Structures are given as structure tokens and as C-alpha cells.
Amino acid sequence: CFRHGYGEARLTRARHAAIRVSAKARGSDVLARAPRARSKALDNSRMLAAASESQQTLNELLVDALDTQFGREKVARVIDSVQRAERGEGYELNHDPTGQSRPAFLQSAHSYIDGLDARPFHDPADFAWASVLENRWTEIRDELSRAYSSTGRVAKTGNNVWVSAVREEALSYGPDWRTLVLQDRSWDAKNAKLFPKTTKIVRDEANCPSVEVFFARQAPQTGIAAHSDGCNFIMTAHLALDVPMAPTDTPAWIEVGGERREWLNGKMLVFDTSYTHSTHNPSATKERYVLLIRFWHPQLSAVEIKALNFVFEALDDPAVLFEHRQRPKQRGPLGSFEQGESRAARRAARRARQS
11 CFRHGYGEAR LTRARHAAIR VSAKARGSDV LARAPRARSK ALDNSRMLAA ASESQQTLNE
71 LLVDALDTQF GREKVARVID SVQRAERGEG YELNHDPTGQ SRPAFLQSAH SYIDGLDARP
131 FHDPADFAWA SVLENRWTEI RDELSRAYSS TGRVAKTGNN VWVSAVREEA LSYGPDWRTL
191 VLQDRSWDAK NAKLFPKTTK IVRDEANCPS VEVFFARQAP QTGIAAHSDG CNFIMTAHLA
251 LDVPMAPTDT PAWIEVGGER REWLNGKMLV FDTSYTHSTH NPSATKERYV LLIRFWHPQL
311 SAVEIKALNF VFEALDDPAV LFEHRQRPKQ RGPLGSFEQG ESRAARRAAR RARQS
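The sequence shown runs 11 to 365 under the numbering used here.
Structure representation (C-alpha cells):
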């Protein structure tokens, strides 16, 4: 996912992958055995040496690729952000108006782009696509309603239907927060086919600059513990579809940066999850359903978005960095790293070039 940025876990995986790719290129049997995570095959001294080499390679290759592909001046903020993350330099600012630095008001990020407007909640009216979704919310709700009234069919034909949070999120999100993903960088063909109207509205009609789109379900009397997603260049929007509301029920709420708001059916909430945030559904019987959209911060430039797409591609598959050294600078549109193209397609293209 994009929302957690390029945190230490992702960087560590990329470093180990870089070891393997670099080793393969040099024919080094010792480094080629370097694992994705821990391994008993290498002793501590060899692992430390390999990790040091991979970090240097990853840093140098990534910065060089960003400079060559996009121009250092145009993506200086992205380069600075990646280098800070590699050095383990995070960003923290407590916005407590009382000066007491209470945890609820903390903004923190390990993946941080300088100069982006930061506040807990943003006005949905500032985003043209948000009003399109609000105007079409009943169609999205009805499509979801039909789907969860035939859960067996959806579960049988869809991908990862109503799955719980992944391991790195589980402590905050808990086992009762479930998702049905339509987009995670690229659109899921099977799930998009199950929700064609929602997909068309979000992707084609609203033209939303999304990186993730999914339905999120919160069970009664459960919540998400206070946490930060650690990334300030991806924002989040919730379109409430079926939520407990007054006066017939106890309203469900979300708190971001010390500000608490309730979901209202058909209304959008837009917020910054680099602020500490939490949720709760106090209803005794009613689940809470929202369409959750994560999207690029509007103050990123188009070339910065392409560069960030490239960074995530490289962290997921460092082989692109070694390939970058072997090919001339690309000119014109950087289609290989446009939003929405599947990682699998890019890997297949690389295999074809190598064959």
C-alpha cells in the first residue's frame, strides 16, 4: 500500500532484495543467498556487510534514477524525502492549541514531503471529484448492498473479500475492521467487475486521483486505536454509505488530530492520516460501511507523482534500478510508471526484454 509510505519495513525488504539482484548481476554465491528477512544461512558479520552494501546500492541507484528520469530540480522534494527516510529522520509536530502536547494532536510521518498543506480535516468542497461521489452515493450504496446480500457469490468470485487488516496494521485496526479492495495502486480486475458502477463513477466519471479504493466495514462496538499512517503525501476520504446515525442509533465517529466528526450517509470526510487518528462504532447492532479512497495530496506536482510511483515500484522490485543503469534516459511521457499500470505487467515487459 502507498498509505504507509516507504517506512523502515519496506526499506528493509528493498535492501535485501537489492542484495539479491546485485549478487545475481555479479555472480556472488554468498550474497545471492541473502534472505528477504532473517536467515540462519549467513552469520551476523556477513549479514551486516550485505545490509550495508545493499543500503548504499539502494540509495545511490534510487537517487541516480530519479535524477536521470525526472530531473533533480523537478523532484528535489521527493529525493529529499527518500533520503530522510533512509537516514531514519522522521517528522513530528504537535498541534495541541493548549501547548500541552497531548498525543491526540500529534502529526508524525516517516515518509514526508516538505511544503504540503497540513490540517486534520479538509473541506470536501475543495475537491471537485468529491461532489461527484456525494451526488452518486446512493448508486454506490445500492451496488454494495446487493453485493453483501449475496456474500457467498462475491466471496467465491472476488479477491480478498472482507479481509482483516494486514499484519503491520493489525495492532491498531483490530480484527473487526474489514475491507473489500477495488484498487491498490492498480485496479483489481475481478473486484472491479463485481462493482462496475462504483468503479466507473470513481475512476471515469469523478476522475479521482486515487491510489487506493475499497469498501471498509467496521463491526458494532469496535474501533480503530489511535495511530498515524506515517505518510503526509497520501490523503484519505470516506464516503459514508451505511452508518449508524442519530436519532435512531448512536453515531459512529472518527477523530483526527484532536477533532472528532461523525459520519453521515451520503457525505464525504476528507482528512490527513499523518495526524493521530482513531475511530469508534458504538452502535450495539449496526455495522458501519464507507467507501474509502486514498489519493495524492493535491499540492504534489504531476512529475512528483510520477517520481513517487517510480520510488514505490523500485522499492517493491529493485531490479528496475539495475535496469535503469543499463538503459538510456527515457524521453517523453514516463508511461512505465503511470498510476494504475499493474506491477505484474511491468515485470512481464521486463522479462520479455530480457528474453
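Backbone N, C-alpha and C define an ideal beta-carbon position, used for all residues, glycine too. Source: prediction; values computed, not measured.
query: Taking the alpha-carbon positions, what's the residue 231 to residue 292 distance?; result: 5 Å
query: Which runs of the alpha helix (DSSP H) at least 4 residues long sit entirely within the segment 288-313? Give them in chain order.; result: none
query: For the beta strand (DSSP E) containing residue 228, name the first residue and the last one.; result: 220-228
query: Please classify residue 274 as buried or exposed, where buried requires at least 16 other C-beta atoms within 10 Å of its C-beta.; result: exposed
query: Got a sec? Which residues, its chain only, sit under 7 Å from residue 217 by beta carbon, not counting five neighbours each side?; result: 139
query: Measuring CA to CA, which of 201, 238, 75 and 243 is closest to residue 368?; result: Missing from the structure shown is residue 368; the chain here goes from 11 to 365 and no further.
query: First and last residue of the alpha helix (DSSP H) that includes residue 93?; result: 86-97
query: Determine whether the beta carbon atoms of residue 117 and residue 288 lie at a separation below 8 Å.; result: no
query: If I follow the unbroken alpha helix (DSSP H) through residue 156, where does it start and stop?; result: 147-158
query: Could you tell me if residue 93 is buried or exposed, where buried requires 16 or more neighbouring beta carbons within 10 angstroms of its beta carbon?; result: exposed
query: Quick one: using the 10 Å Cβ neighbour count with 16 as the cut-off for buried, is residue 194 buried or exposed?; result: buried
query: Along the chain, which unbroken stretches of the beta strand (DSSP E) at least 3 residues long are found entirely within the segment 93-137?; result: 101-104 and 116-121
query: For the candidate residues 206, 312 and 123, whose alpha-carbon lies nearest to that of residue 154?; result: 206
query: Taking DSSP as the reference, what is the three-state secondary structure of residue 282?; result: coil
query: Within its chain, find whatever has a CB closer than 7 Å to the CB of residue 105; leave out the 5 residues flanking it on each side and keep chain order.; result: 115, 117 and 267
query: In chain order, what residues of the same chain have a beta carbon less than 6 Å from the beta carbon of residue 295, not counting five sequence neighbours either side?; result: 230
query: Can you tell me whether residue 71 is buried or exposed, with buried defined as 16 or more other CB within 10 angstroms of its CB?; result: buried
query: Buried or exposed, going by whether 16 or more other CB atoms sit within 10 Å of the CB of residue 156?; result: exposed
query: For residue 141, which of helix, strand or coil comes out of DSSP?; result: helix
query: At the level of alpha carbons, what is the spacing between residue 224 and residue 211?; result: 13 Å
query: Leaving out five residues before and five after residue 277 in sequence, what residues of the same chain have Cβ atoms less than 7 Å from its Cβ?; result: 144 and 250
query: What's the call for residue 270, buried or exposed, on a 16-neighbour Cβ count within 10 Å?; result: exposed
query: Under the assumption that residue 300 contacts residue 248 (Cβ atoms under 8 Å), give the Cβ distance between them as a whole number of angstroms.; result: 4 Å
query: In terms of residues, what are the limits of the alpha helix (DSSP H) holding residue 274?; result: Neither: residue 274 is in no alpha helix (DSSP H) and is coded neither H nor E.
query: Which one of 137, 234, 258 and 78 has the shortest CA to CA distance from residue 286?; result: 234
query: To the nearest angstrom, how far is the alpha carbon of residue 305 from that of residue 111?; result: 29 Å
query: Note down the Cα distance separating residue 109 from residue 103, rounded to an integer number of angstroms.; result: 12 Å
query: Is residue 246 buried or exposed, if buried means 16 or more other CB atoms sit within 10 Å of its CB?; result: buried
query: Report the rounded CA-to-CA distance for residue 130 versus residue 282, giving the unit in angstroms.; result: 5 Å
query: Looking at C-alpha atoms only, which residue of 189, 79 and 319 is the closest neighbour of residue 227?; result: 189
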